[in-house]
Structure formats: C-alpha cells, structure tokens
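Quick note, the sequence shown lines up with residues 2 to 434 if you use the working numbering.
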Amino acid sequence: MKTPVTAQSLNRGCACRTLDPERLRRQLEADPSLVGLYKEIARSRPNLFSATTVFISPEQYQGMTDIVAAIESVVALPEYQAATLARAPAIARLEHGPIGAFMGFDFHLGEHGPQLIEINTNAGGALLNVVLARAQQVCCQEMEWAFQPPTELMQLEQIFFAMFAGEWRRQRGDMPLGRIAIVDDDPAAQYLYPEFQLFERMFARFGADAEIADARELAWRDGRLWHAEQSINMVYNRVTDFYLQDPAHVALRQAYEAGAVVLTPHPRAHALYADKRNLAILSDAQTLTRLGVPQALRETLLAGVPRTEQVVPERAEQLWSQRRKLFFKPASGYGSKAAYRGDKLTRRVWEEILAGDYVAQTIAPPSERLTQVDGTAVDLKLDVRAYVYGGMIQLVAARLYSGQTTNFRTPGGGFAPVFVVPISAADEVAGEV
Numbered sequence: 002m003k004t005p006v007t008a009q010s011l012n013r014g015c016a017c018r019t020l021d022p023e024r025l026r027r028q029l030e031a032d033p034s035l036v037g038l039y040k041e042i043a044r045s046r047p048n049l050f051s052a053t054t055v056f057i058s059p060e061q062y063q064g065m066t067d068i069v070a071a072i073e074s075v076v077a078l079p080e081y082q083a084a085t086l087a088r089a090p091a092i093a094r095l096e097h098g099p100i101g102a103f104m105g106f107d108f109h110l111g112e113h114g115p116q117l118i119e120i121n122t123n124a125g126g127a128l129l130n131v132v133l134a135r136a137q138q139v140c141c142q143e144m145e146w147a148f149q150p151p152t153e154l155m156q157l158e159q160i161f162f163a164m165f166a167g168e169w170r171r172q173r174g175d176m177p178l179g180r181i182a183i184v185d186d187d188p189a190a191q192y193l194y195p196e197f198q199l200f201e202r203m204f205a206r207f208g209a210d211a212e213i214a215d216a217r218e219l220a221w222r223d224g225r226l227w228h229a230e231q232s233i234n235m236v237y238n239r240v241t242d243f244y245l246q247d248p249a250h251v252a253l254r255q256a257y258e259a260g261a262v263v264l265t266p267h268p269r270a271h272a273l274y275a276d277k278r279n280l281a282i283l284s285d286a287q288t289l290t291r292l293g294v295p296q297a298l299r300e301t302l303l304a305g306v307p308r309t310e311q312v313v314p315e316r317a318e319q320l321w322s323q324r325r326k327l328f329f330k331p332a333s334g335y336g337s338k339a340a341y342r343g344d345k346l347t348r349r350v351w352e353e354i355l356a357g358d359y360v361a362q363t364i365a366p367p368s369e370r371l372t373q374v375d376g377t378a379v380d381l382k383l384d385v386r387a388y389v390y391g392g393m394i395q396l397v398a399a400r401l402y403s404g405q406t407t408n409f410r411t412p413g414g415g416f417a418p419v420f421v422v423p424i425s426a427a428d429e430v431a432g433e434v
C-alpha cells in the first residue's frame, strides 16, 4: 500500500522544479508590446519568481475561506466601523461606493490551521501569479495528482476586469467605463512594475483605455483629474501613502475627496481592514463579544488570528519580557518594513517601537517548502496570500523566503503558485497496492 499524497508530503518531500521558463516567457510576452519583459525580469528581478510550487490541503483552503468570511461579517458591523474609522484621518470616512480591489489576506499555515498575520489593501502580485501559475509543469509522478488550481486560471483576467468594472459601477452606475490610470510613485522604479505593464495590457484587451501614471505628475483642475493632458476617470491605486497625506499626492486626494475619480483601493478600505490595530479587535474575545459577533464566528477568528495588542507604554515592561514570542509591526506598515521579531530586538529598536505606533502579535511560525537551489535541497519559509474581493477569494499564491520576512532577495524564493491537493488524489493513491 502506498503512502497517501498530501500537501505536506509534497511540500516537504518533492523538491523538483515545476516552472517551465519558456512557457513563462510566452505568458509574460503574450502581447507584442511586452516582448523582452521576461529577459528584463531575469536581469533586474532574479528572485521575483520561484521555480517551484506550493501545495495546500482542502482543509487549509477552507480554513482561509472561513476566516475571510468571518472578518467580512465583523467589518460590516456598524460598531466595528465606528471604532476603526474614529482613529483614522477624516478622508477614511468618505464612502463613494467602491469596496476596494485586491484585498490581500496573508496567512502562515500552522499545525492548528491557517493563521492570519495581516491584511493589505493594495496587495501586489495577483496578475504576476496568474502568469506564473500557467507556466507550471508536472515534474514527478506524485505531483501529477495534486495539480488542481483552486480557481480556473484561464478565467482570472476576466474576473479581475469584472472587479474593476464593478468598482466603477458602484460609484458611476451605468456610465461607460472611463480612462483608467495605474498609479504609483515613480512606477517604473517599483519592484512590481512588470505587473503594472501586465495590467495596462489587460485593461486594453477588454476595451478599456489605460495608462501607467506617476502619482506626483497628476493634476487637479477644472473639477477633473489629469495626467499628461489626459482626463483620468478611474485610478487603480498602488500608492502606499494610504490616506493620501503626502503633499505629492494632493491632486489625487482632491479628486478623491470631490468624488471626481473612482479610486480603488481607497483610504476607507485601509482603515477598515489593513490598519494592524484592527487585528487586536479581531483576536480579542471580549471585544468580539461586545460587538455582538456570533459565537461560531468568534471561534473562527480566535483560532485563526494570532493574539495581537497595541504597544502602549503601560504594557512596555510586560511586552519586553514576552518579546521572544512576539512579532512587532507598525500599525500602518506594509511590505514588512520596520517589522521585527521580538527575539531579535535591541534596546535601541525597542525604544523606537515604544515611540512609534506598533502592535505586538503572537508569533505564528511559517511552514516550509523544500526546493532546489543550485542543485542543493533547501528549506524555505513560506506565507500564503489570498487575493480577495467582496469577501470572495479570487486567487491564492505563496511567497518563499529566508530570514525574518518575505523579501524577494532569497535565491530560489519569490512568488510561487499554490495548488490544492484534492482529497480524491490522496485517497486513490493510498488505496493502490
């Protein structure tokens, strides 16, 4: 009788490379305007894509789905919204209709199920991960059973475009979709700039006018948002100034405040979801009970969101004594910037944390993936990102890394596609004699 094929056995026992480089090149350069993109990524971003695949079980996928649904239920509560919006800038209290494209729910996969470590409102990598997932090949017989994606890959661009069209309708109704700008600061210098290029071409394939724009070059005049003499009607927002407080973003802020542009994601979504102080609400039994969250949802959240609390001076001594079990993150941080494992803290950094606006989260150790790096088997850590819109998971992808946090600097690391190992595969293989 053979040993069952499971997600864990594949992640820990099958180190072969599944990425087909030529297939990846064809996927990246499907549009003639993108010829040369594969070579440029290989040159300037050699650790953007991992050469292997990550596997998860149906139970892990369902666990992530349940946590996302529970959080959506809490976010819908008026009391929760009042508490989170009260501590955010006034711009977060504007509600024009859109709910926010590409919400990113980031998980570690522990022994007791998925653990939500944070939520991000402008989660990058979705379209890159679609391209990457389509460039995989089976590299061993055991893996063949497992190559079942959680979402139909060939439909995802259509799903993504429908999301943006839906955001437009939430604010503009039946008006024709206007010109879209993919906006960031100095976009060509951003690590994920290749994705901006893919989105520009995706919008064009569905008949929408689109361009990539530098947020600092936008202008607000005559009641409209402009870029290079073109009127902008919708902004796919990749700026990490989540409340548009930087003077360089004044034009975008003015257009958003006036309701003259459809902005997604937007400040309200960040306040409701991505402010890391929200994790303290979602992981506290008394607070959830006070908000009126049903018991079943409370149990899902308390099991799936590591205990988190705000770092305040009166708790400083106790948090310092417990630091080896904690991870410290800035409340409005992103991309693991200025985040620290407690066991690595120095007194100098601790004083900076106390002076800043931080949360302390119980460490949820990441799982690992065995992979080949220069012919040597290497264990890399991984986290799993669920790309979510309106409470529905559109795509699941992983990031492989070594060190404290994801970094896209690890040989063999980077984005990796995620496949769900079907129960029937494990049962059928186990039954063979």
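Built from N, CA and C at the ideal position, the CB exists for glycine as well.
Coil, strand or helix - residue i by DSSP
{"i": "S333", "result": "coil"}
{"i": "Y244", "result": "coil"}
{"i": "F420", "result": "strand"}
{"i": "V385", "result": "strand"}
{"i": "A190", "result": "helix"}
{"i": "M235", "result": "strand"}
{"i": "S51", "result": "coil"}
{"i": "S45", "result": "helix"}
{"i": "E112", "result": "coil"}
{"i": "T7", "result": "coil"}
{"i": "E23", "result": "helix"}
{"i": "V379", "result": "strand"}
{"i": "L264", "result": "strand"}
{"i": "A398", "result": "strand"}
{"i": "L303", "result": "helix"}
{"i": "G293", "result": "coil"}
{"i": "I282", "result": "helix"}
{"i": "E30", "result": "coil"}
{"i": "E230", "result": "coil"}
{"i": "E429", "result": "Residue placement at E429 is flagged as unreliable, the pLDDT there being 44, under the threshold of 50; a coordinate-derived value is accordingly withheld."}
{"i": "G37", "result": "coil"}
{"i": "G415", "result": "strand"}
{"i": "Q1", "result": "Residue 1 is absent from the structure shown; the chain starts at 2 and stops at 434."}
Contacts around residue i, its chain only, beta-carbon distance under 6 angstroms, and the 5 residues preceding and following it disregarded
{"i": "A339", "result": "P331"}
{"i": "S333", "result": "none"}
{"i": "M164", "result": "A102, Y390"}
{"i": "A89", "result": "A272"}
{"i": "F56", "result": "A8, L11, N12, A147, F420, V422"}
{"i": "A399", "result": "V55, L383, V385, A417, V419"}
{"i": "S425", "result": "Confidence at S425 is low in this model, with a pLDDT of 49, below 50, so the placement of that residue is unreliable and no value is reported for it."}
Distance CB(residue i)-CB(residue j) smaller than 8 angstroms
{"i": "D107", "j": "I92", "result": "no"}
{"i": "P266", "j": "N234", "result": "no"}
{"i": "T122", "j": "H250", "result": "no"}
{"i": "V306", "j": "V360", "result": "no"}
{"i": "V6", "j": "V385", "result": "no"}
{"i": "L219", "j": "L264", "result": "no"}
{"i": "L95", "j": "R324", "result": "no"}
{"i": "I72", "j": "L283", "result": "yes"}
{"i": "F243", "j": "F207", "result": "no"}
{"i": "Q362", "j": "L327", "result": "yes"}
{"i": "H109", "j": "A365", "result": "yes"}
{"i": "L29", "j": "V132", "result": "yes"}
{"i": "S232", "j": "R278", "result": "no"}
{"i": "G392", "j": "V69", "result": "yes"}
Cβ separation of residue i and residue j, assumed to be a contact under 8 angstroms, to the nearest whole Å
{"i": "L25", "j": "A136", "result": "4 angstroms"}
{"i": "R18", "j": "T66", "result": "Actually they do not touch by this definition, with Cβ atoms about 30 angstroms apart."}
{"i": "Q255", "j": "W221", "result": "4 angstroms"}
{"i": "A281", "j": "T309", "result": "5 angstroms"}
{"i": "L298", "j": "S74", "result": "6 angstroms"}
{"i": "V76", "j": "L302", "result": "Their Cβ separation, rounded to whole angstroms, is 12 angstroms, which puts V76 and L302 out of contact at 8 angstroms."}
{"i": "I213", "j": "I183", "result": "5 angstroms"}
{"i": "G114", "j": "A304", "result": "6 angstroms"}
{"i": "V397", "j": "V419", "result": "4 angstroms"}
{"i": "L129", "j": "L199", "result": "7 angstroms"}
{"i": "M203", "j": "E158", "result": "5 angstroms"}
{"i": "P99", "j": "Q172", "result": "6 angstroms"}
{"i": "A261", "j": "L226", "result": "6 angstroms"}
Cβ-heavy atom distance, residue i to the ligand GDP, below 7 angstroms
{"i": "I118", "result": "In terms of ligand content, the structure shown is empty, and the ligand GDP therefore cannot be addressed."}
Sequence-distant residues of the same chain with beta carbon closer than 7 angstroms to residue i, five excluded per side
{"i": "V350", "result": "Y341"}
{"i": "G357", "result": "P331"}
{"i": "L381", "result": "E369, R370, T372, L401, Y402, S403, T411, G413, G414"}
{"i": "Y445", "result": "The structure shown has nothing for residue 445, since the chain only spans 2 to 434."}
{"i": "W169", "result": "L178, M235, V263"}
Sequence-distant residues of its chain with Cβ nearer than 8 angstroms to residue i (five each side left out)
{"i": "A378", "result": "A16, L371, T372"}
{"i": "G293", "result": "L78, E80"}
{"i": "R46", "result": "Y192, P195, F409"}
Beta carbon proximity, residue i to chain D, threshold 8 angstroms
{"i": "Q156", "result": "The displayed structure is made up of one protein chain only, and chain D is not part of it."}
| request: Could I get the ranges of all uninterrupted beta strand (DSSP E) runs contained in the segment 305-357, with 3 residues as the minimum, in chain order? | output: 309-311, 327-331
| field | Minimum length 4: unbroken alpha helix (DSSP H) runs contained in the segment 55-136 | value | 59-76, 79-87, 127-134
| Every unbroken beta strand (DSSP E) inside the segment 152-203 [3 residues or more] | 181-185
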